[in-house]
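Numbering of the sequence shown is given in the UniProt record's numbering, commencing with residue 1 and proceeding in unit increments.
The beta-carbon is built from N, C-alpha and C at its ideal position, and this holds for glycine as well.
Input: a single structure, listed below in structure tokens.
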Amino acid sequence: MGVEGTLADRKTKGFFEMPKETNTNSKSRKNRRRQKKMSPVQKLFDTCREVFASVGNGIVPPPQDIEKLRAVIDAIKLEDVGLKPEMPYFRTNAACRTPRITYQHVYECDKFSIGIFCLPPSGVIPLHNHPGMTVFSKLLFGTMHIKSYDWVADYPTGTPTIFKPPEIKRSEVRLAKVKVDADFTAPCNPSILYPADGGNMHRFTAVTACAFLDVLGPPYSDPDGRHCTYYINYPLSHFSVNGIAVPEEERKGYEWLRERENLKDIIVVGAEYKGPKIVVK
């Protein structure tokens, strides 16, 4: 969606039909005008294609490429993607007990994906992971609470020996460290998470109506082992394991996570992206 190949054809044809006697300065001015007309979404697409060209499972782009893409995402505003706060996506539906979340698919290929999530007040995207992926998220408007985690790398080989509620099996939980647990209000810096750092697992809760831009590289892919897994979190006191000794003052920074399958607390519907079209050259 959001791709208009014929536009690229028209632009290319128009460029090469310029008179042969046009001098270098004229061409340079023409190029500058073309650059000024490029939409922020087109610039985002072009930068993603460059940054994620060699990306793969667990491969993180170089720092200079991370910074380049971060700067492009940071400059994008709500109006740049064709959205306004008064749109119905951001209203609470009284007839629906679970706030409905809207997803606008902008672009996806085997290297990266671009999308926009629109949340009404109290909308929640449950705790989930991003296996082998580098993810950029930019809050476009509103206030959102983000809680994110990373797995504890030196987690002991033993499994929890004390647990409650009793129906949870010892092998189902894993220790994670809280990376972020705070409210964010637009405008704010984009968040970046990595395959094993930066808060690879996160949950979004809309404090007010809000929207955020989501860029994944590479995107989810079951055949390639990048399956989206959802989790339930438990306080550290719910479980214990031999070999783990967390100081009292740090206990709030660690929690147990368990995979979940039943997702009754989320409704996501698709909507057509109506912002500036992307030209794939």
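Using 10 angstroms around the beta-carbon of residue i, count the other beta-carbons present and answer buried if the total reaches 16, otherwise exposed.
i	result
residue 281	exposed
residue 91	exposed
residue 97	exposed
residue 316	Coverage of the chain is limited to positions 1 through 281, which leaves residue 316 absent and any answer about it impossible.
residue 223	exposed
residue 41	buried
residue 137	buried
residue 162	The predicted position of residue 162 is uncertain, since its pLDDT is 45 and thus under 50; a value taken from the coordinates is nonetheless stated next. Exposed, by the Cβ-count rule.
residue 188	exposed
residue 93	exposed
residue 21	Summary for residue 21: the model assigns pLDDT 40, below 50, so the residue's position carries little reliability; its value from the coordinates is reported in the next sentence. Residue 21 should be labelled exposed.
residue 69	buried
residue 179	buried
residue 120	buried
residue 225	exposed
residue 268	exposed
Inspect the beta-carbon positions of residue i and residue j and report whether they are closer than 8 angstroms.
i	j	result
residue 234	residue 228	no
residue 127	residue 231	yes
residue 56	residue 275	no
residue 133	residue 216	yes
residue 266	residue 116	no
residue 186	residue 140	yes
residue 78	residue 176	no
residue 125	residue 213	no
residue 142	residue 75	no
Using the DSSP secondary-structure output, state which residues sit across from residue i in a beta bridge.
i	result
residue 125	204
residue 233	257
residue 266	Looking at the DSSP assignment, residue 266 forms no beta bridge with any residue, so it has no partner.
residue 139	212
residue 144	184 and 206
### Query
Taking only runs of the beta strand (DSSP E) that begin and end inside the segment 65–120, which ones reach a length of at least 3 residues, in chain order?
100–108 and 113–119
### Message
Is it the case that the segment 60–68 contacts the segment 99–114, given that we only count it when at least three CB pairs across the two stretches are under 8 angstroms?
### Response
no
### Task
Could I get the ranges of all uninterrupted beta strand (DSSP E) runs contained in the segment 181–223, with 3 residues as the minimum, in chain order?
191–193, 201–206 and 210–217
### Segment contact flag, the segment 140–151 with the segment 202–213, C-beta cutoff 8 angstroms, min 3 pairs
yes
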